[in-house]
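Here the structure comes first, spelled out in structure tokens, and everything after it is commentary.
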Amino acid sequence: MTSPETAPPPGTAAPVVILVGTQMAENVGAAMRAMANFGLRRLRLVDPREPFPNDKAIAMASGSDAILDPVETFPTLEAALQGLNTVFATTARAHDIAKPVVSPATAAPLLRAAIDRGETVGLVFGRERNGLTSDEVGLADAILTIPIDPAFPSLNLGQAVLTVAYEWRKVVIGDTAWTPFPEKERSPLASKEDVLGFFGHLETALDTVEFFRPPEKRGSMVRNLRSIFQKARLTEQEVRSLRGVLSALERRPTRPTAARHAHRNVEATGGEGDDDR
Numbered sequence: 012m013t014s015p016e017t018a019p020p021p022g023t024a025a026p027v028v029i030l031v032g033t034q035m036a037e038n039v040g041a042a043m044r045a046m047a048n049f050g051l052r053r054l055r056l057v058d059p060r061e062p063f064p065n066d067k068a069i070a071m072a073s074g075s076d077a078i079l080d081p082v083e084t085f086p087t088l089e090a091a092l093q094g095l096n097t098v099f100a101t102t103a104r105a106h107d108i109a110k111p112v113v114s115p116a117t118a119a120p121l122l123r124a125a126i127d128r129g130e131t132v133g134l135v136f137g138r139e140r141n142g143l144t145s146d147e148v149g150l151a152d153a154i155l156t157i158p159i160d161p162a163f164p165s166l167n168l169g170q171a172v173l174t175v176a177y178e179w180r181k182v183v184i185g186d187t188a189w190t191p192f193p194e195k196e197r198s199p200l201a202s203k204e205d206v207l208g209f210f211g212h213l214e215t216a217l218d219t220v221e222f223f224r225p226p227e228k229r230g231s232m233v234r235n236l237r238s239i240f241q242k243a244r245l246t247e248q249e250v251r252s253l254r255g256v257l258s259a260l261e262r263r264p265t266r267p268t269a270a271r272h273a274h275r276n277v278e279a280t281g282g283e284g285d286d287d288r
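Quick note, our numbering runs 11 ahead of the 1-based positions in the sequence shown.
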């Protein structure tokens, strides 16, 4: 299993993200945040409507601007592609261009393989309103499209970057089951002896409060209760906790006992109970 500590370092060993003709600075900030989340560091902007640096973008980036390399701005996509060997154009629309079309999950290992060959790769994302033009897609080596629901194909720019960056991160880690922290170690499973002891304690406590009624149904009721707890695969600690709960409840007056005490109090005073009038 590959961990982030043993994975290739971020920066040059990762795709360059290129945003073309962004209209809202907040979307640039959202893309920056998504990049930083998943190990992408280099961002290039092509003719953004709102110049960068931008206070709105920085605020939306939530500190990720301190992690990314300095953002570069270019007048055209052709200029922004300088130094790149392999480029994928991200688009949600079909273009009449004969190029390979891949999903993010398929694109990520292809990008990684290109980087391993010593290539510099880029991911191009289009405008918020209408994406990339056919001429811009024509500059790429392949088309990357996200398999969204065609009933609502509109995808926010930051969401698109996040989706692609997430697939890249999974390839970098090299283990789709890896998580940044393991499941908290649980107490060992309770032995059958401990579980049966709990059942006995529970059933005795329920007998005390006359839970099993009518008596002829006691057997089936006990089996049902035991089935509930057996499905839970109780641990040693859970059995101890449950028996502690039962012990605490057993120290309280049961409903029949409380009722008898109240009745005796009424008889002793010759009245009908407390009167707050």
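Beta carbons are placed, not taken as given, at the ideal position from N, Cα and C, and that holds for glycine.
Considering residue i, what are the terminal residues of the beta strand (DSSP E) in which it resides?
| i | result |
| --- | --- |
| Arg55 | 54-57 |
| Gly74 | Neither: Gly74 is in no beta strand (DSSP E) and is coded neither H nor E. |
| Phe85 | 83-85 |
Drop a sphere of 10 angstroms on the beta-carbon of residue i, count the other beta-carbons inside from all chains shown, and report buried for 16 or more, exposed for fewer.
| i | result |
| --- | --- |
| Ala25 | buried |
| Gly74 | exposed |
| Val28 | buried |
| Thr87 | exposed |
| Val132 | buried |
| Leu30 | buried |
| Glu221 | exposed |
| Arg138 | buried |
| Gly32 | buried |
| Pro59 | buried |
| Arg140 | exposed |
| Glu89 | exposed |
Out of curiosity, what's the CA-to-CA distance linking residue i and residue j?
| i | j | result |
| --- | --- | --- |
| Val39 | Ala105 | 24 Å |
| Gln170 | Ser198 | 40 Å |
| Met43 | Leu54 | 8 Å |
| Arg229 | Thr187 | 49 Å |
| Ala162 | Leu51 | 30 Å |
| Leu150 | Pro158 | 22 Å |
| Lys203 | Glu249 | 13 Å |
| Ala103 | Gly142 | 8 Å |
| Ser165 | Pro81 | 29 Å |
| Glu147 | Ala36 | 22 Å |
| Lys67 | Asn167 | 17 Å |
| Val57 | Thr156 | 20 Å |
| Val206 | Lys195 | 23 Å |
| Ala72 | Glu83 | 16 Å |
| Ser114 | Ala47 | 21 Å |
| Thr23 | Arg123 | Unreliable placement is indicated for Thr23, whose pLDDT of 48 sits below 50; the coordinate value is still reported in the next sentence. Going from the Cα of Thr23 to the Cα of Arg123 covers about 12 Å. |
Which residues does DSSP list as the beta-bridge partners of residue i?
| i | result |
| --- | --- |
| Thr187 | In the DSSP output, where bridge partners are listed per residue, Thr187 has none listed. |
| Arg138 | Gly142 |
| Gly133 | Val27, Val98 |
| Ile154 | Ala100, Val112 |
| Leu200 | Thr246 |
State yes or no: is the C-beta of residue i within less than 9 Å of the C-beta of residue j?
| i | j | result |
| --- | --- | --- |
| Ala6 | Phe240 | The structure shown has nothing for residue 6, since the chain only spans 12 to 288. |
| Leu245 | Leu200 | yes |
| Phe136 | Thr101 | yes |
| Leu236 | Leu213 | yes |
| Tyr177 | Phe49 | yes |
Note the first and the last residue of the continuous alpha helix (DSSP H) segment covering residue i.
| i | result |
| --- | --- |
| Val233 | 229-242 |
| Leu253 | 247-261 |
| Glu37 | 36-48 |
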